[in-house]
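Asks: Protein chains in written order, with the UniProt record's numbering: chain A, 1 to 191; chain B, 1 to 191; chain C, 1 to 191; chain D, 1 to 191. Glycine is no exception: its CB is placed at the ideal position from the N, C-alpha and C atoms.
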DNA sequence: TATGAATGAGGATTCATTCAT
DNA sequence: AATGAATGAATCCTCATTCAT
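(1) Closest to residue 64 of chain A by CA distance: which of A/36, A/175, A/31 and A/86 is it?
(2) Mind listing, in chain order, the continuous alpha helix (DSSP H) runs of no fewer than 4 residues lying wholly within the UniProt domain "HTH tetR-type" (4-64) of chain B?
(3) For residue 173 of chain B, count neighbouring C-beta atoms within 10 Å of its own C-beta (all shown protein chains included) and say buried if the count is 16 or more, exposed if not.
(4) Please classify residue 8 of chain A: is it buried, with 16 or more other beta-carbons within 10 angstroms of its beta-carbon, or exposed?
(5) Nearest by alpha-carbon distance to residue 3 of chain C: which of C/164, C/45 and C/18 is it?
(6) By the DSSP assignment, the alpha helix (DSSP H) with residue 183 of chain D in it spans what residues?
(7) For residue 183 of chain B, I'd like the list of residues in its chain whose CB is within less than 8 Å of its CB, leaving aside the five on either flank, ordered along the chain.
(8) Would you verify that the beta carbon of residue 147 of chain B is, or is not, closer than 9 Å to some beta carbon of chain A?
(9) Within 10 angstroms of the Cβ of residue 152 of chain A, are there 16 or more other Cβ atoms? Answer buried if so, exposed if not.
(10) Determine the extent of the alpha helix (DSSP H) in which residue 79 of chain B is found, giving its start and end residues.
(11) Does the distance from the C-beta atom of residue 93 of chain D to that of residue 167 of chain D stay below 9 Å?
(12) Suppose you measure from the CA of residue 36 of chain C to the CA of residue 97 of chain C; what does that come to, to the nearest Å?
(13) Just to confirm, is the Cβ distance from residue 154 of chain D to residue 119 of chain D under 9 Å?
(14) In the stretch 4-21 of chain B, which residues sit with their C-beta less than 7 Å from some C-beta in chain A, listed in chain order?
(15) In the DSSP assignment, find the alpha helix (DSSP H) that holds residue 162 of chain B and state where it starts and stops.
(16) Just the C-alpha distance for residue 6 of chain A and residue 31 of chain A, rounded to the nearest angstrom, thanks.
(17) Rounding to the nearest angstrom, what Cα-Cα distance links residue 140 of chain A and residue 71 of chain A in this structure?
(18) What residues from chain B crowd round residue 100 of chain A, counting only those whose CB sits closer than 9 Å?
(19) Based on Cα-Cα distance, which residue from D/158, D/156 and D/134 lies nearest to residue 147 of chain D?
(20) Helix, strand or coil, according to DSSP, for residue 72 of chain B in the structure here?
(21) Grouping DSSP H, G and I as helix and E and B as strand, with all else coil, what is residue 1 of chain A?
(22) Go through its chain and collect everything with a Cβ distance to residue 121 of chain A's Cβ below 6 Å, but skip five positions before and after it.
(23) How close, in whole Å, do the beta carbons of residue 102 of chain B and residue 19 of chain B come, if the pair is a contact with beta carbons under 8 Å?
(24) From the beta carbon of residue 71 of chain A, is the nearest beta carbon of chain B less than 9 Å away?
(25) Would you list, in chain order, the members of the stretch 145-179 of chain A that have their beta-carbon closer than 7 Å to a beta-carbon of chain B?
(26) Can you pull out the residues from the stretch 119-144 of chain A whose beta carbon lies closer than 9 Å to at least one beta carbon of chain B?
(27) Pull up the distance between the alpha-carbon of residue 143 of chain D and that of residue 188 of chain C, whole angstroms please.
(28) Measuring CB to CB, does residue 149 of chain A end up less than 9 Å from residue 165 of chain B?
(29) Beta-carbon of residue 25 of chain B versus every beta-carbon of chain A: anything under 9 Å?
(30) Looking at C-alpha atoms only, which residue of D/161, D/21 and D/176 is the closest neighbour of residue 123 of chain C?
(31) Leaving out the 5 sequence neighbours to the left and right, which residues in its chain are closer than 8 Å to residue 69 of chain A when beta-carbon positions are compared?
(32) Cβ closer than 9 Å: which chain C residues qualify as neighbours of residue 182 of chain D?
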């Protein structure tokens, strides 16, 4: 196993332990045990508990962004892409459920710096979404009086609440969930 | 000052300190100082740090629920009420910004119990919203093929992302934000 | 007991423990036990183990300097004062045997800063001694071709070796040791 | 390179690192790096960190003793030999400055055993010096009412303080220092 | 023989909680 | 009721040592 692969192994173990109890209650020893290695070994790969957490977040964001980019660069109408984004979110949630939990629940463990860094990354994802909306207006697929930012926020919010409810509350698994009706409502409106 | 008023004072101090540093980094001593009292005194009002945090969350939810009920019991169309809900959310965010931050960022400090309790409370708020949607359909204000749950999730998600972006990222104050265009988009759809 | 008195109590306990095994082997828990208090209490008086050690050294130097000044300001010939200095050194060694051990053996626990600070303090003591020699030359008590610095160094070295041997190797107690013959040799020479 | 030569190489590296940081702050990894070898290799030559330190001290003492014996066995008057001893001390300090620093500063890293062993070795050096004084009395070079031990202690103390000041405080190099005036004062006395 | 990745014992430090005043 | 000095459980991290390669 290469050094990089071992780092990923440790990150996965850390995700499980951090997501269970949060950053502070997670013990380095537990993470090591979860990874099947000794306590000191973790420090051979990460400088500190904070550094480990930081890298875990970066890893999660990078993974998410890559998948999202793939969807947005693909072909299809805005509506089709939106559906794909919903599905991708669900898939990510399932695959990286521990990391996802951390993103949802642990954003504030570090006072300022990291929170700002995370916010900036989130805004990058927003920008990508916004570009899709702009293109949809140009192509005549969407009303041209739409405020792109508002549309972006409504989609992002709906994705988050939709899968949050289905996965964490109703305990559905990814492939039992059809986002099409939700996207339909967003595009058609309530009236 | 009555015992109950003093408890509220301590809760407000706790909200400030918890929101700044998160649950674990917040020290009981800091909370006491923020409240202008001695460390030991806090324990005359709350059994433990966890209990204090727990009561703070309950207090925040209760406040939110009361305001939301008032809006929903008021008169007006579903769209008008939705706009009022948006506005109420912004007002709450401004008044209880510290508690709100905690709800956004600190949901996972306790392993399971409290997280579930919070989720249950959140679902109660959802139910209230859902009833409004059902009534709107009965009254013919909304399309009658709408899935109430999906509408509820899209409204809740949009409220959350809309004010999150405006208040925490763009640093707008409550009265500078008009939710009407956002609600318009939700009701009319994107196409 | 005032705060200052309690600090002295802890310093005394620290001196005992530090002198036994050196800075690193000394455990804060042992120091606390020696002082008859809880581990955490030590931190109410000193910021860290290093700070505690630092203050202990400062305290020891201050005590030594005060006694030395008293001797040098007193009346009597240079020879009489030299004898008094020897005696004072022996008395200090007996009273503060633990701190003295630390000065002899632990000067290098901190890389640079503290070592320099200690060296500076030592040089201050040297200066005081040198002034005495200068006065002795002026008064015609000592040969006027003497290099004051060399005399100072020979006295300081002799004091240190003399009492080091008598107290730490031969295990004599302070009042069993007569420094007069040693001083006589220094003043008369070997030939 | 023979096994013995390699041991010396490691000892020299250890001397540099120990003298810089003290026994506890010195890391085996740093010593290995300084010697240009791998961490594990050190353990092929020394059983433990303590053993390495122990052997380093023994090595230093042995080197010192050999040089001192050479001086004492040579020809010349007691005064000339005393001057040679001073000079030898200065030369040793220059050549083995790192080991010398350890002797000055690190005598107490081990509780009792090693400290006693070192003290015993020091006393052996004292005995050699004392024999020289006794011979000087027999030969009529020194007053015959002199206490040999006191003379020994005053010479040893003066050597130590003299070079300590010149080398470590004034930063003189070995060949810039003339011990003759100091020896002159010791033999002639102050009056 | 040489290496350095892996290990885990050990200790400084923090801070929630207690309790004498 | 209010206080804050005292306590010690709990945990991050270091580094001497081992051992598979």
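Replies: If we stick to the structure as given:
(1) If we check each option's Cα against that of residue 64 of chain A, A/86 comes out closest.
(2) As far as the UniProt domain "HTH tetR-type" (4-64) of chain B is concerned, its whole alpha helix (DSSP H) runs of at least 4 residues are 28-35 and 39-42.
(3) Counting of Cβ neighbours within 10 angstroms places residue 173 of chain B among the exposed residues, the total staying below 16.
(4) With a threshold of 16 other beta carbon atoms within 10 Å, residue 8 of chain A falls short and is exposed.
(5) The residue with the shortest Cα to Cα distance from residue 3 of chain C is C/45.
(6) Run containing residue 183 of chain D: 180-188, per the alpha helix (DSSP H) assignment.
(7) Cβ contact annotation for residue 183 of chain B (same chain, cutoff 8 Å, sequence separation greater than five): 79, 82, 83 and 86, in chain order.
(8) Against chain A, the CB of residue 147 of chain B has a partner CB under 9 Å away; the residue lies at that interface.
(9) Classification for residue 152 of chain A: buried.
(10) First-last of the alpha helix (DSSP H) with residue 79 of chain B: 78-95.
(11) Yes, they are a contact pair.
(12) When rounded, the separation of the alpha-carbon atoms in residue 36 of chain C and residue 97 of chain C is 21 Å.
(13) No. Outside cutoff.
(14) Under the 7 Å Cβ criterion, the stretch 4-21 of chain B contributes 21.
(15) Counted as a single uninterrupted DSSP element, the alpha helix (DSSP H) harbouring residue 162 of chain B occupies residues 148-163.
(16) The alpha-carbon atoms of residue 6 of chain A and residue 31 of chain A are separated by roughly 13 Å.
(17) Between the alpha carbons of residue 140 of chain A and residue 71 of chain A lies a distance of about 20 Å.
(18) Those do not exist, as residue 100 of chain A stays about 12 Å from chain B at its closest Cβ, beyond 9 Å.
(19) Across the set D/158, D/156 and D/134, the C-alpha of D/134 shows the shortest separation from the C-alpha of residue 147 of chain D.
(20) Helix, per DSSP.
(21) When DSSP states are grouped into helix, strand and coil, residue 1 of chain A belongs to the coil group.
(22) Cβ within range, chain order: 61.
(23) Right, the Cβ-Cβ distance comes to about 5 Å (below 8 Å), so this counts as a contact.
(24) So, not an interface residue.
(25) The residues in question are 146, 147, 150, 151, 153, 154, 156, 157, 158, 160, 161, 162, 165 and 169.
(26) Taking 9 Å as the Cβ-Cβ cut-off against chain B, the residues of the stretch 119-144 of chain A that qualify are 119, 122, 123, 126, 133, 136, 141, 142 and 143.
(27) Those two C-alpha atoms are separated by around 10 Å.
(28) In contact: residue 149 of chain A and residue 165 of chain B (Cβ atoms closer than 9 Å).
(29) Contact of residue 25 of chain B with chain A is assigned, a C-beta pair being separated by under 9 Å.
(30) Nearest option by C-alpha distance: D/161.
(31) If we look at residue 69 of chain A and ignore the five residues flanking it on each side, its Cβ neighbours are 128.
(32) Within chain C, the residues whose beta carbon sits less than 9 Å from that of residue 182 of chain D are 147, 150, 153 and 154, listed in sequence order.
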